[in-house]
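Enquirer: Sending over a structure as structure tokens; questions will come in a sec.
Protein chains: 2
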Amino acid sequence: MNEVLVRVSSEAQQREARLLQALRDAGLRLTPQRRAICHYLAHTDAHPTAQQIFAAVKPEFPSLSLATVYNTLDALVRLGAVHALGGAGDGAIHYDADLRPHVNLACLQCHRMVDLPCEAVADLNRRVTAESGYRILGARLVYYGLCPDCQRTAREASPTP
Amino acid sequence: MNEVLVRVSSEAQQREARLLQALRDAGLRLTPQRRAICHYLAHTDAHPTAQQIFAAVKPEFPSLSLATVYNTLDALVRLGAVHALGGAGDGAIHYDADLRPHVNLACLQCHRMVDLPCEAVADLNRRVTAESGYRILGARLVYYGLCPDCQRTAREASPTP
DNA sequence: TTTCCACCTTAGAATTACTCCAAGTTTGGA
DNA sequence: TCCAAACTTGGAGTAATTCTAAGGTGGAAA
Ligand SMILES: [Mn+2]
Ligand SMILES: [Mn+2]
Ligand SMILES: [Zn+2]
Ligand SMILES: [Zn+2]
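Protein sequences, first through last, are from chains A and B. For reference, each letter of the first sequence is one residue, going 5 to 165 in my numbering. For reference, each letter of the second sequence is one residue, going 5 to 165 in my numbering.
Set out below in structure tokens:
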């Protein structure tokens with residue numbers, strides 16, 4: 005009759021907590037702007053750019069400045085809490101707050117990035133950390149090309165069936 | 005007494021041939037500038053940026069334009085003959101003509117990229133190609149952080165031993 | 001709770017990698 | 001050899017990112 009009150013913290017909530025903790029641990033301040041940016045980063049799987057984060061958070065903070073978005077991203081990347089994945093055919097850097105081992109797929113046509121879970125990446129991470137001699141801050145595991153949708157579009161455009 | 009005249013084409017020569025063939029196969033023209041850029045790309049393991057390629061080839065072609073470097077790189081990347089690895093702490097994209105399976109290590113401090121051979125990457129490539137549904141043009145397998153040299157430098161700067 | 005300052009945010013200017021353009025040149029097939 | 005499509009070039013243009021100076025604030029300490 006007693007329900008088991010285990011709240012399963014969602015993946016997104018865990019990510020958000022991790023981002024905030026990373027800032028705290030580094031002695032950086034938790035401003036409302038940073039909280040909002042972390043919240044957005046933790047709850048999306050879209051691999052947003054700085055501009056996209058800005059556009060998404062701006063409504064909640066009309067005074068928000070792009071510089072703050074860049075500052076916060078820079079801090080999170082330098083702390084290893086967010087990965088900088090690079091461009092996707094657009095000239096802008098995409099960010100990923102999902103640190104679970106996976107590779108990312110970028111479409112050079114529609115500029116979207118999606119995840120491809122991949123257990124093998126965990127081994128890769130381990131090996132690189134152990135063998136490289138580098139102090140690893142982040143990874144950028146991206147395959148780029150054309151997504152299924154954009155392949156279809158391209159095929160319709162050129163009559164080569 | 006007859007020597008066996010097998011010339012073992014060096015890795016770099018193979019790469020150069022592959023780059024030129026990729027351009028030919030795509031119906032693109034082999035201009036002296038493109039040849040020089042391909043030659044440089046094939047013979048370096050420095051993962052150069054467009055500007056660095058320009059600086060390296062310019063002496064041989066005083067009339068060379070940056071636009072030509074960008075055009076050529078764009079063509080090679082779209083053909084999958086060269087990989088665009090993204091930045092290394094500098095704001096510029098680094099390129100890699102070495103298509104052998106490996107991961108790249110970027111130092112955010114000195115902006116250098118080096119290779120880490122890794123057989124596991126071949127499997128990763130296969131799996132992504134097979135399972136993603138994407139038409140894969142290239143990969144960007146980079147771990148970024150601080151190289152051993154820069155770690156040492158950082159340690160000397162901050163007295164935390 | 002109040003104080004206080006090092007750290008933050010902000011708007012806008014500055015930087016710069018990269019792209020675009022128009023005019024002149026070249027490649028490579030016919 | 002001839003020529004049209006493709007290429008190169010210098011310079012202007014674009015836009016992502018960084019820088020700067022002035023005013024605001026988080027959070028530790030009293
Ligand atoms: Mn991802
Ligand atoms: Mn490499
Ligand atoms: Zn697409
Ligand atoms: Zn270094």
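Beta carbons: idealized from backbone N, C-alpha and C, even for Gly. Model, not experiment: these values are computed from the prediction.
1. Along chain A, which residues have their Cβ under 8 Å away from the Cβ of B:GLY31?
2. If you run the structure through DSSP and keep just helix, strand and coil, what is A:ARG139?
3. Any heavy atom of ligand 1 within a distance shorter than 6 Å of the CB on A:ASP100?
4. Indicate the three-state DSSP secondary structure (helix, strand or coil) for A:THR164 in the structure shown.
5. Name the residue from B:LEU32, B:PRO52 and B:GLU135 whose alpha carbon lies nearest to the alpha carbon of B:VAL118.
6. Going by DSSP in three states, B:LEU150 sits in which element: helix, strand or coil?
7. Keeping to the same chain, check which residues put their C-beta closer than 7 Å to that of B:ALA71; ignore five residues upstream and five downstream.
8. Is it true that the CB of B:ALA124 sits closer than 7 Å to the CB of A:LEU128?
9. Identify the contact partners of B:TYR74 in chain A, using a Cβ-Cβ distance below 7 Å as the criterion.
10. Taking the beta strand (DSSP E) that B:CYS111 falls in, what are its first and last residues?
11. When you compare only the Cα positions, how much space is there between A:PHE65 and B:ALA96?
12. Ligand 2 and B:ASN108: does any heavy atom of the ligand fall closer than 6 Å to the residue's C-beta?
13. Whose C-beta lies closer than 8 Å to the C-beta of A:HIS43 among residues of the same chain, with five residues either side of it excluded?
Expert: Reading it off the structure:
1. Result: empty, since nearest Cβ-Cβ is about 14 Å, beyond 8 Å.
2. strand
3. yes
4. Low local confidence applies: a pLDDT of 40 at A:THR164 is under 50, so the model's placement there is unreliable, with the coordinate-based value given in what follows. If DSSP states are grouped into helix, strand and coil, A:THR164 belongs with coil.
5. B:PRO52
6. strand
7. none
8. yes
9. By Cβ distance, chain A contributes nothing, its closest Cβ being about 12 Å from B:TYR74, past 7 Å.
10. 106-111
11. 31 Å
12. yes
13. GLU20
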